[in-house]
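**Q** Please read through the structure below; I'll follow up with questions.
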Amino acid sequence: MEVTYEELKTRGVFRDIDVQFTQAICRICKEENELVHLGIALASSQVAEGHICANLETLCSTPYTATNKDGKEISFKWPALPRWIEALKASEAIGLQDMSRPLYLDESNRLFVTRHYYAQQALVEAIKMRLDSPEKAVDESLLSNSLSRLFKLEDKKNPNFLPWQALAAIGIVKRNFSVVSGGPGTGKTTTVIKMLALLFEQAKSKAAPFPRVALLAPTGKAASRLEESIREKISKLECDEDIKEALPKTASTIHRGLKWTSIPGKRFEHNKSNPLPVDAVIVDEASMISLTLMMDLFDATPLNAKLVLLGDENQLASVEAGAILGDICNATERGEHSVDFVEKAKELVGAHLGNGDGAAPVIRDAIVELKDSHRFYDDRGIGQLARAIKDGNAEQVLKILQNPASKEVKLIGNGKTLDHDVQALIRSGYGSYIAEKNPAEQLQRFNEFRVLCAHRKGELGAEKLNESIANILGQEFGLRTKSKWYPNLPVMVTKNDYQQNLYNGDIGLIGKSQGNSENLVCRFPSSNEEERTRDFSPTRLPQNEAVYAMTIHKSQGSEFKRVLVILPKELSPILSRELLYTAVTRAAEEVYIMAADDVIRAAVNQRISRASGLTDALWKTS
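Per my numbering, the sequence shown starts with residue 1492, numbered consecutively.
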């Protein structure tokens, strides 16, 4: 049986907005062909699944499965691709060479809503313009000496020594676009702060002004962590005091940095016609950035300024459309650096990277992956588990988790319910923050442990788990969990409030007011060392929710000493290698996973693949 637009609409595959969009386009274009209806609805609905387009060749390679009224799974064939493409090309609704029509079909049979194709192509052109910019002239003798000192390259004469942080810094100093990819603990922030020191030293040697730098991140939580990490790294730098003093020490969200505006047709005050007054923009947690926001970022960064993206290409992508960092990095087919890059690496830091690729795309040298973790050992514990997940080796993942000698990573519970062992872990994990009386110390202790889950809804989703954990802790520690607000309740802001400087992802704790013990306040960490906390009336908080447990998506950009990862009881489409990798790498010391073996296998074996044409446009034509 061949799948049809009406069949998928009846089964609820398409959202109301997909159906309305399809009907409106087909009415305007007087389009009656069912194959075109199907294509338009898919192009719209795929965006909700995180794709930028509908890749028709990929869709046609696998039958569509659905469940009938009797609960039995049935399989439908997609229309024959040549016939489908022919119908789309003949439609007035579909553009082939221009972007004047509502939808666009590219040469690889990817069907886009045209505004998404336009955004993708605009990003491609913005990246290529930066890649084509001439390299910055630098004092290479000073640069070599600075690299040796800042990155401690005593071993640079060792042919096996590959100082990836220093190699990344060289590219950042010389180019206007760079990506530094790497897992937790590989030193992305360390690399960038040392790179900034290199830039400031170059400026000082020429008696030029120090560069103006903006530090940005997608969420308030990620910005706070970036700021905290930057301040720590600056204090340990081996450079002149005036440079230490001048280096940037505050970070902001991308929305706040670009100055979000509610003016119709204008998303941000800083844009292509009014760029940021900066010489460098550093963006952390870039894997979380959607296509639209990434385009806003490029538009707002002056072409002659440096734009540096930091992130982990193996983590979960944005909850919106696109896996932009992963598409830019092209991990599966990246290949070797160019001959020029290899020669410069040997000249400046003594690194031997082989012969290099004489035909490497221009973008290749803009991307450096940091491969050495300073937080985890690759051959044991969390590092070993993360590598097995990243490699897609499900049996090795289970072997590591089931090893009774392992102290860092463990399976716990029966995989179905919060049994005795899981409840005991929750009580011990959260008991230390409840016992702490100092408000600032209590916030720090709360971040030592967290329960992470895959879903928001469902029996083992965040909403139900928050209720269950509140009951467990209420019985153990006497928390008044029946009240809306009660001491020790953790809350997470879910909507930005720019006036109060509270942002999506910020976490605070309810406590008694120090001035009046009858009143309750919600305390958030403060960057002010004297105050240490910022106190708000709970009734004045922006939209928020309890956060004993949080989704793995929401945990991105966070780090805890210990995590308990709770996966769903049954197989789920949301399970993926990237989801499990992200959850595991949130922990610095211990990971506990509550899940059945088949659920873990399913997660490791399923990769997130988001359809777009970004990788092809950047890598095959650059």
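A virtual CB, placed ideally from N, CA and C, is assigned to each residue, including glycine.
Quick check on this structure: which residue in A1737, G1817, R1666 and L1579 has the alpha carbon closest to the alpha carbon of H1542?
**A** As a working mapping, residue 1542 is identified with position 51 in the sequence shown. Measuring from the Cα of H1542, the nearest candidate turns out to be G1817.
**Q** Restricting to Cα atoms, I'd like to know which of Y2083, L2066 and S2100 is closest to R2092.
**A** Position 601 of the sequence shown, counted from the first residue, corresponds to residue 2092. Ranking the options by Cα distance to R2092, first place goes to L2066.
**Q** How big is the Cα-Cα spacing for P1981 and V2038?
**A** If you number the sequence shown from 1, residue 1981 lands on position 490. If you number the sequence shown from 1, residue 2038 lands on position 547. Near 6 Å, if we compare the C-alpha coordinates of V2038 and P1981.
**Q** Assign K2114 to one of three DSSP states: helix, strand, or coil.
**A** Given that the chain is displayed from residue 1492 to residue 2113, the structure contains no residue 2114 and the question cannot be resolved.
**Q** Using DSSP's beta-bridge definition, name the partner residues of R2053.
**A** To locate residue 2053, count along the sequence shown from 1; it is residue 562. According to DSSP, which records beta bridges pairwise, R2053 is partnered with F1940 and E2081.
**Q** Go ahead and label Y1989 buried or exposed: buried means 16 or more other beta carbons lie within 10 angstroms of its beta carbon, across all protein chains shown.
**A** To locate residue 1989, count along the sequence shown from 1; it is residue 498. With fewer than 16 Cβ atoms within 10 Å of its Cβ, Y1989 is classed as exposed.
**Q** Nearest by alpha-carbon distance to L2071: which of P2059, L2062 and V2095 is it?
**A** By 1-based counting over the sequence shown, the position of residue 2071 is 580. Minimum Cα distance to L2071 is reached at V2095.
**Q** Alpha carbon to alpha carbon, what distance is there between S1715 and I1721?
**A** Here residue 1721 is taken as the residue at index 230 of the sequence shown, counted from 1. Here residue 1715 is taken as the residue at index 224 of the sequence shown, counted from 1. Cα to Cα, the separation comes out at about 10 Å.
**Q** Mapping the DSSP letters down to three states, classify A2074 as helix, strand or coil.
**A** Walking along the sequence shown from the start, residue 2074 turns up at place 583. Of the three classes helix, strand and coil, the one that applies to A2074 here is helix, per DSSP.
**Q** State buried or exposed for L1587, treating a residue as buried only when at least 16 other CB atoms are found within 10 Å of its CB.
**A** Taking the sequence shown and counting its residues from 1, one reaches residue 1587 at position 96. L1587 is exposed by the Cβ-count criterion.
**Q** Taking 8 Å as the cut-off, decide whether the C-beta atoms of T1792 and L1801 are in contact.
**A** Counting from one through the sequence shown, the residue named residue 1792 turns up at place 301. Counting from one through the sequence shown, the residue named residue 1801 turns up at place 310. Taking 8 Å as the Cβ cut-off, T1792 and L1801 do not qualify as a contacting pair.
**Q** Would you mind listing the alpha helix (DSSP H) stretches within the region 1844-1903 that are 4+ residues and don't spill past its ends, in chain order?
**A** The region 1844-1903 contains these whole alpha helix (DSSP H) runs: 1872-1881 and 1885-1892.
**Q** So, are the CB atoms of V1683 and D1770 less than 8 Å apart?
**A** To locate residue 1683, count along the sequence shown from 1; it is residue 192. To locate residue 1770, count along the sequence shown from 1; it is residue 279. No, the Cβ-Cβ distance between V1683 and D1770 is not below 8 Å.
**Q** Is DSSP giving K1835 helix, strand or coil here?
**A** Looking up residue 1835 in the sequence shown gives position 344. It is helical.
**Q** Which residue comes first and which comes last in the beta strand (DSSP E) that contains K1797?
**A** Within the sequence shown, residue 1797 is the residue found at index 306, counting from 1. Note, K1797: beta strand (DSSP E), K1797 to G1802.
**Q** Using the Cα positions of V1604 and E1811, report the straight-line distance between them to the nearest angstrom.
**A** Counting from 1 along the sequence shown, the entry for residue 1604 is found at position 113. Counting from 1 along the sequence shown, the entry for residue 1811 is found at position 320. Distance from the CA of V1604 to the CA of E1811, rounded to the nearest whole angstrom, comes to 15 Å.
**Q** Going by DSSP, what residue range makes up the alpha helix (DSSP H) through G1673?
**A** Stepping through the sequence shown from its first residue, residue 1673 is reached at position 182. It is not in any alpha helix (DSSP H) - G1673 instead sits in the beta strand (DSSP E) that spans F1668 to G1673.
**Q** By the three-class DSSP mapping on this structure, what secondary structure does S2146 have?
**A** Because the chain is modelled from 1492 through 2113, residue 2146 falls outside the range shown and cannot be assessed.
**Q** Is it right to say Q1966 is buried, meaning 16 or more other beta carbons lie within 10 angstroms of its own, or is it exposed?
**A** Looking up residue 1966 in the sequence shown gives position 475. It counts as exposed.
**Q** If we count the other Cβ atoms within 10 Å of its Cβ and call it buried at 16 or more, is P1739 buried or exposed?
**A** For the purposes of this step, residue 1739 is identified with residue 248 of the sequence shown, where counting begins at 1. So P1739 ends up on the buried side.
**Q** Quick check on T2042: does DSSP put it in helix, strand or coil?
**A** In the sequence shown, the residue the question calls residue 2042 occupies position 551. Assigned with DSSP and collapsed to three states, T2042 falls in strand.
**Q** Per DSSP, what kind of secondary structure is D1630 in: helix, strand or coil?
**A** Translated into the one-based positions of the sequence shown, residue 1630 becomes position 139. In this structure, D1630 counts as coil in the three-state DSSP scheme.
**Q** Taking all protein chains shown into account, decide if R1971 is buried (16 or more other Cβ within 10 angstroms of its Cβ) or exposed.
**A** To locate residue 1971, count along the sequence shown from 1; it is residue 480. When all chains shown are included, R1971 counts as exposed.
**Q** Between A1961 and K1975, what straight-line distance do the alpha-carbon atoms span, to the nearest angstrom?
**A** As a first step, residue 1961 is located in the sequence shown; it is residue number 470 there, counting from the start. As a first step, residue 1975 is located in the sequence shown; it is residue number 484 there, counting from the start. Straight-line Cα distance between these residues: approximately 12 Å.
**Q** Is E1760 closer than 8 Å to A1742 when the C-beta atoms are compared?
**A** As a working mapping, residue 1742 is identified with position 251 in the sequence shown. As a working mapping, residue 1760 is identified with position 269 in the sequence shown. The answer is no: Cβ separation not under 8 Å.
**Q** Measuring CB atoms only, is the region 1574-1584 touching the region 1592-1608, in the sense that at least three cross pairs come out at less than 8 Å?
**A** yes
**Q** Are E1954 and T1985 closer than 8 Å when you measure CB to CB?
**A** Here residue 1954 refers to the residue found at position 463 when the sequence shown is read from its first residue. Here residue 1985 refers to the residue found at position 494 when the sequence shown is read from its first residue. No. Outside cutoff.
**Q** Is the region 1598-1617 in contact with the region 1529-1540, if contact means three or more CB pairs nearer than 8 Å?
**A** Between the region 1598-1617 and the region 1529-1540 there are three or more C-beta pairs closer than 8 Å, enough to call the two in contact.
**Q** Kindly provide the ranges of any beta strand (DSSP E) runs that are 3 or more residues long and lie completely inside the region 1903-1981, ordered along the chain.
**A** 1940-1944
**Q** If you reduce the DSSP assignment to three classes, tell me which class K1568 lands in.
**A** Numbered from its first residue, the sequence shown carries residue 1568 at position 77. Reduced to three states, the DSSP call for K1568 is strand.
**Q** Quick one: what's L1658 bridged to in DSSP?
**A** Translated into the one-based positions of the sequence shown, residue 1658 becomes position 167. None, per the DSSP bridge assignment.
**Q** What did DSSP end up calling E1776 once you bin it into helix, strand or coil?
**A** By 1-based counting over the sequence shown, the position of residue 1776 is 285. Coil at E1776, not helix or strand.
**Q** Does the beta-carbon of I1519 have 16 or more other beta-carbons within 10 angstroms, so that it is buried, or is it exposed?
**A** Translated into positions along the sequence shown, residue 1519 becomes position 28. With fewer than 16 Cβ atoms within 10 Å of its Cβ, I1519 is classed as exposed.
**Q** Applying the criterion that 16 or more other CB atoms from any shown protein chain within 10 Å of the CB defines a buried residue, is H1528 buried or exposed?
**A** One-based indexing of the sequence shown puts residue 1528 at position 37. H1528 should be labelled buried.
**Q** With DSSP collapsed to three states, give me the class of F1512.
**A** Residue 1512 sits at position 21 when you count from the first residue of the sequence shown. Three-state result, F1512: helix.
**Q** Quick check: G1841 and L1644, are their CB atoms within less than 8 Å of each other?
**A** The residue given as residue 1841 occupies position 350 in the sequence shown. The residue given as residue 1644 occupies position 153 in the sequence shown. In this structure, G1841 places its C-beta atom within 8 Å of the C-beta atom of L1644.
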